[in-house]
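Undergrad: Counted the way the working numbering counts, the sequence shown spans residues 1411 to 1857.
C-beta: ideal position from N, C-alpha, C; glycine also.
Sharing a structure below in structure tokens format, with a few things to ask.
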Amino acid sequence: MTQQVSGWGGTPASFPARLTKPASEPEILEALSGSLPVAPRGLGRSYGDAAQVAAGLVMELTHLKPTFELDEMSGSLTVSTGYSLGEILERVLPRGWFLPVTPGTRFVTAGGAVASDVHGKNHHRDGSFSMHLSALELLTPSGTLSLSPGDPAFAATAGGMGLTGVISKITVKLLPVETSRIKAVNIPTRSLADTFEVMSRDGEYTYAVAWIDATATGSRLGRGLASFGEHAKIDELVGGAIDQPLAYHPKALGTIPVPAPSNLLNPLSVRLFNSAWFQAGVAGAGEKVTSLDSFFYPLDAVGSWNRLYGRRGFLQYQVVVPYGSEDLIETVIGSLAKGGHPSFLTVLKRFGAQSAGLLSFPKPGWTLALDIPAKRPGLSELLRELDRKVAASGGRVYLAKDARLDPNLLEAMYPDLRKFEEICRELDPEGVMATDLARRLRIGGRH
Ligand SMILES: Cc1cc2nc3c(=O)[nH]c(=O)nc-3n(C[C@H](O)[C@H](O)[C@H](O)COP(=O)(O)OP(=O)(O)OC[C@H]3O[C@@H](n4cnc5c(N)ncnc54)[C@H](O)[C@@H]3O)c2cc1C
């Protein structure tokens, strides 16, 4: 079957590729020995071109589910990588276990979580997803490998954006929890300096993130809502939740059926939304026990919300800059707003220690993510200028969100790039593993 495949942002436009959905490891190994370049794909929640390959074979792994083994005593879970984090939660949460790290959507496969070495709201304390793995199985064009942390091929695969092979199985250590609820504390902040100050108290909490009103300017630039959380204990529950402390029933509010008109998210509507959201946050400030989904996955309630951006799609610009480069966060928010590219949804958080992943994104510092309508005049030039400043500060752009980075900046942002490419060459001498992202950024000499 040949079809168009693209990332969550709908940009860059995808080119036709063959699509296959293997359900077993032998099927995957057979495809890896074929003549087409192969791009692994999970649920396609990376924003750009990381999970597609023009004129190649896109291998969607969501049917790969032969293994699900939970050791109820230790919380060690061995799972095939076609399971989504949401499906895993539905099975382990009622038994008192939670994911050690979760991104802002549960519609991510276990394979995609490792390949992007995803981070969550607890990165400042617990690091990224790969830091909680004790083993992974990798299917490469030269055969099957069982890898442990410490192996060079493990370091290349964690955050390796699918370029070392197909991750078929992982063993991950889960976190014990008493309930499926979160005790959340929301604190409004009045300026960027205030947001930095409040967020710097994140050591007191397991989870911490700040939403920023990226349309506020002047002395209010960087105002927002800092949100902290802990897993609620049984004695903190109230009402009906007490009878079913571990119940987990994700709810869907609806789906955006078709792409919205391209001008729906314009500077005015984005400003109105951000102001209203901020005022609602001020009104709802304080402590409350809330559902897991409203704390971790608020966007998942609306299916295909990416269609709100219309056919032109959108970019998520996510960077990390080292501590001490806070001015750069102000520059990014301020110059995008001034340039007429206000972000609909903007998130700031602090990262802790880096994982061993050679292309893993998180490193100690502030990370900022902004959702911006794509293809607006002047946007590419502005982002290129910001990229250069981010690279010069010792920061980097998140590849799982990228659709447009200049390849010449890649090595400055990811200093282990050459080591990564060397390991890829050993695992895959013919260069079978390929994605549009790798070609665009010339990773491993792919064009
Ligand atoms: C609403 C939303 C919120 C998000 N929040 C966060 C967040 O908080 N933190 C964060 O880190 N990320 C976040 N992301 C990004 C997302 O977590 C990553 O892009 C993740 O990799 C997507 O997983 P996927 O299964 O959809 O993989 P895809 O998008 O399909 O693929 C992503 C990459 O993984 C590779 N890959 C997928 N499966 C395999 C496999 N089995 N073996 C080898 N390679 C594979 C692909 O080749 C590709 O390079 C968010 C995305 C969305 C849409």
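Quick one: measure Cβ to Cβ for Y1707 and G1514, integer angstroms, because I've assumed they're closer than 8 angstroms.
TA: Residue 1707 sits at position 297 when you count from the first residue of the sequence shown. Residue 1514 sits at position 104 when you count from the first residue of the sequence shown. The Cβ separation is near 7 angstroms, so the contact holds.
Undergrad: Under the three-state reduction of DSSP, which class applies to V1468: helix, strand or coil?
TA: For this step, residue 1468 is matched to residue 58 along the sequence shown. The answer is strand: DSSP assigns V1468 an E or B state.
Undergrad: Return the Cβ separation of L1546 and I1498 in integer angstroms, given the expectation that the two are a contact with Cβ distance under 8 angstroms.
TA: Here residue 1546 is taken as the residue at index 136 of the sequence shown, counted from 1. Here residue 1498 is taken as the residue at index 88 of the sequence shown, counted from 1. At roughly 15 angstroms, the Cβ-Cβ gap does not stay under 8 angstroms, so L1546 and I1498 are not in contact.
Undergrad: Out of curiosity, what's the CA-to-CA distance linking S1445 and Y1727?
TA: Locating residue 1445 in the sequence shown gives position 35, where the first residue counts as 1. Locating residue 1727 in the sequence shown gives position 317, where the first residue counts as 1. Roughly 35 angstroms separates the two Cα atoms.
Undergrad: Might you give, ordered along the chain, the residues of its own chain that have their beta carbon closer than 7 angstroms to the beta carbon of A1565, omitting 5 neighbours on each side?
TA: Within the sequence shown, numbered from 1, the residue matching residue 1565 stands at position 155. For A1565, where only same-chain residues beyond five positions count, the Cβ hits under 7 angstroms are A1766, G1767 and L1768.
Undergrad: May I ask whether a heavy atom of ligand 1 can be found less than 7 angstroms away from the beta carbon of H1542?
TA: Numbered from 1 along the sequence shown, position 132 holds the residue referred to as residue 1542. False, no ligand heavy atom lies under 7 angstroms from that Cβ.
Undergrad: Might you give, ordered along the chain, the residues of its own chain that have their beta carbon closer than 6 angstroms to the beta carbon of L1819, omitting 5 neighbours on each side?
TA: Taking the first residue of the sequence shown as 1, we reach residue 1819 at position 409. Excluding positions up to five away in sequence, the list reads D1797 and A1801.
Undergrad: Would you check whether ligand 1 has a heavy atom nearer than 7 angstroms to the C-beta of T1491?
TA: The count along the sequence shown starts at 1 and reaches residue 1491 at position 81. Within the cutoff, so yes.
Undergrad: Of all the beta strand (DSSP E) runs that stay within the bounds of the segment 1621–1658, which reach a length of 3 or more residues?
TA: If we require 3 residues or more, the beta strand (DSSP E) runs fully inside the segment 1621–1658 come out as 1634–1641.
Undergrad: Suppose the cutoff is 6 angstroms on Cβ atoms and the five residues either side in sequence are ignored; what does the same chain contact list for E1831 look like?
TA: One-based indexing of the sequence shown puts residue 1831 at position 421. Cβ neighbours of E1831 beyond the five flanking positions: G1854.
Undergrad: Does S1494 have its Cβ less than 8 angstroms from a Cβ in chain B?
TA: In summary, chain B is missing from the structure at hand, where a single protein chain is found.
Undergrad: Straight-line CA distance for P1559 to D1459?
TA: To locate residue 1559, count along the sequence shown from 1; it is residue 149. To locate residue 1459, count along the sequence shown from 1; it is residue 49. So the alpha carbons of these two residues sit roughly 28 angstroms apart.
Undergrad: Which of the three DSSP states, helix, strand or coil, is assigned to F1688?
TA: As a working note, residue 1688 is residue 278 in the sequence shown. Correct three-state label for F1688: helix.
Undergrad: Quick one: is the Cβ of S1704 within less than 7 angstroms of any heavy atom of ligand 1?
TA: Within the sequence shown, numbered from 1, the residue matching residue 1704 stands at position 294. S1704 Cβ: outside cutoff for every heavy atom of ligand 1.
Undergrad: Going by DSSP in three states, K1431 sits in which element: helix, strand or coil?
TA: The count along the sequence shown starts at 1 and reaches residue 1431 at position 21. Correct three-state label for K1431: coil.
Undergrad: Check G1425 in the structure and name its three-state DSSP category.
TA: The residue you call residue 1425 lines up with position 15 of the sequence shown. At residue 1425 the sequence reads Phe, which differs from the Gly that was named. Coil.
Undergrad: Tell me whether L1678 is buried or exposed, calling it buried when 16 or more other Cβ atoms sit within 10 Å of its Cβ.
TA: Counted from its first residue, the sequence shown places residue 1678 at position 268. Exposed, since its Cβ has fewer than 16 Cβ neighbours within 10 Å.
Undergrad: Answer yes or no: do T1567 and L1548 have a C-beta to C-beta separation smaller than 8 angstroms?
TA: Within the sequence shown, the letter at position 157 stands for residue 1567. Within the sequence shown, the letter at position 138 stands for residue 1548. Going by C-beta atoms, T1567 is nearer than 8 angstroms to L1548.
Undergrad: Compare the C-alpha of E1736 against each of G1420, D1536, W1776 and S1704 and name the closest.
TA: Taking the sequence shown and counting its residues from 1, one reaches residue 1736 at position 326. Of G1420, D1536, W1776 and S1704, the residue nearest in Cα terms is W1776.
Undergrad: Measure the alpha-carbon distance for A1603 versus V1729 and round it to whole angstroms.
TA: Translated into the one-based positions of the sequence shown, residue 1603 becomes position 193. Translated into the one-based positions of the sequence shown, residue 1729 becomes position 319. Near 19 angstroms, if we compare the C-alpha coordinates of V1729 and A1603.
Undergrad: What ranges does the alpha helix (DSSP H) occupy inside the segment 1664–1729, keeping only unbroken runs of at least 4 residues that lie completely in it?
TA: As far as the segment 1664–1729 is concerned, its whole alpha helix (DSSP H) runs of at least 4 residues are 1677–1693 and 1702–1706.
Undergrad: What do you reckon, are the CB atoms on G1570 and A1813 nearer than 8 angstroms?
TA: Mapped onto the sequence shown, residue 1570 falls at position 160. Mapped onto the sequence shown, residue 1813 falls at position 403. Going by C-beta atoms, G1570 is not nearer than 8 angstroms to A1813.
Undergrad: Can you list, in chain order, the stretches of the beta strand (DSSP E) that have 3 or more residues and sit fully within the segment 1521–1561?
TA: If we require 3 residues or more, the beta strand (DSSP E) runs fully inside the segment 1521–1561 come out as 1543–1550 and 1553–1557.
Undergrad: For the putative contact between R1591 and S1770, defined by C-beta atoms under 8 angstroms, what is the C-beta separation to the nearest angstrom?
TA: The residue labelled residue 1591 in the question sits at position 181 within the sequence shown. The residue labelled residue 1770 in the question sits at position 360 within the sequence shown. Contact flag wrong, Cβ pair sits at about 31 angstroms.
Undergrad: Among the candidates I1782, K1593, K1829 and F1761, whose CA atom is the shortest distance from the CA of P1562?
TA: As a working mapping, residue 1562 is identified with position 152 in the sequence shown. If we check each option's Cα against that of P1562, K1829 comes out closest.
Undergrad: Let me make sure I understand the geometry here. Which of V1731, S1484, T1599 and E1500 has the alpha-carbon closest to that of A1695?
TA: The residue labelled residue 1695 in the question sits at position 285 within the sequence shown. The shortest Cα separation from A1695 among V1731, S1484, T1599 and E1500 belongs to T1599.
Undergrad: Do W1418 and ligand 1 come close, with the Cβ less than 7 angstroms from some heavy atom?
TA: In the sequence shown, residue 1418 corresponds to position 8, counting from 1. W1418 Cβ: within cutoff of ligand 1.
Undergrad: With DSSP run on the structure shown, which of helix, strand or coil describes E1479?
TA: Residue numbering aside, residue 1479 sits at position 69 when the sequence shown is read from its first letter. Strand.
Undergrad: Could you pull out every residue in the same chain whose Cβ sits closer than 6 angstroms to the Cβ of T1756, ignoring the five residues on either side in sequence?
TA: The residue labelled residue 1756 in the question sits at position 346 within the sequence shown. Here the set comprises I1622, A1624 and L1780.
Undergrad: Return yes when the C-beta of G1522 is under 7 angstroms from any heavy atom of ligand 1, and no when it is not.
TA: Counted from its first residue, the sequence shown places residue 1522 at position 112. G1522 Cβ: within cutoff of ligand 1.
Undergrad: V1680 to N1673, Cα distance in whole Å?
TA: Within the sequence shown, residue 1680 is the residue found at index 270, counting from 1. Within the sequence shown, residue 1673 is the residue found at index 263, counting from 1. Roughly 11 angstroms between the two C-alpha positions.
Undergrad: Would you mind reading off the limits of the beta strand (DSSP E) that contains V1587?
TA: Position 177 of the sequence shown, counted from the start, is the residue given in the question as residue 1587. No beta strand (DSSP E) holds V1587; DSSP gives it neither H nor E.
Undergrad: Which value, in whole angstroms, describes the spacing of the CA atoms of I1833 and I1743?
TA: Here the question's residue 1833 lines up with position 423 in the sequence shown. Here the question's residue 1743 lines up with position 333 in the sequence shown. C-alpha separation (whole angstroms): 37 angstroms.
Undergrad: Hey, out of S1790, P1447, A1441 and L1647, whose CA is closest to G1553's CA?
TA: Against the sequence shown, residue 1553 aligns to sequence position 143. The shortest C-alpha separation from G1553 is found at A1441.
Undergrad: Going by alpha carbons, who is nearest to R1717 out of Y1824, G1664, A1686 and A1461?
TA: The residue you call residue 1717 lines up with position 307 of the sequence shown. With distances taken between Cα atoms, R1717 lies closest to G1664.
Undergrad: Quick one: is P1436 buried, meaning 16 or more other Cβ sit within 10 Å of its Cβ, or exposed?
TA: Here residue 1436 is taken as the residue at index 26 of the sequence shown, counted from 1. Exposed, because fewer than 16 other Cβ atoms sit within 10 Å of the Cβ of P1436.
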